[in-house]
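Worksheet: one structure, shown below.
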Amino acid sequence: MKRLCLALALALAVQAAEQSLSLKVEGWHSKGDVYKTESAVQQVKGVVRVSSDLEAKTITVVFDDASASAAAIQKAISGAGYVSHR
């Protein structure tokens, strides 16, 4: 029984994996815009790490694909008032 539980736990762990998503963000003009966007994205369940580059107007999000999705992240960015695309 212990082996079965361990095997199931490992199978679930393998299915959930960290993914990285890099997006261009339109409408950023200041560090405040970046902060607002990062704060919104960090509220998405499953987001592990967020980093941004104001000059390049890009945001990179590492997330657990069992809990979060690219669509949910883009929705959060849109909700913050910005347009994102790959």
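If you want my numbering, it's the position in the sequence shown, counting the first as 1, plus 15.
Just so you know, even glycine gets a beta-carbon here, dropped at the ideal spot from N, CA and C.
Write down the C-beta distance between residue i and residue j rounded to the nearest angstrom, noting that I regard them as a contact closer than 8 Å.
i, j, result
"L69", "V49", "5 Å"
"A91", "A55", "4 Å"
"D79", "G61", "4 Å"
Where DSSP assigns a beta bridge to residue i, which residues make up the other side?
i, result
"L69", "Beta-bridge pairing links L69 to no other residue."
"R18", "DSSP output for R18 lists no bridge partner at all."
"D79", "E33"
"H40", "Here the sequence assigns Val to residue 40, which means His is not the residue at that position. Paired residues: S99."
"V62", "F78"
According to DSSP, is residue i helix, strand or coil?
i, result
"S99", "strand"
"K51", "helix"
"V56", "helix"
"S45", "coil"
"S84", "coil"
Could you tell me the alpha carbon to alpha carbon distance between residue i and residue j, rounded to whole angstroms?
i, j, result
"Q89", "S99", "6 Å"
"W43", "R18", "52 Å"
"G47", "V76", "18 Å"
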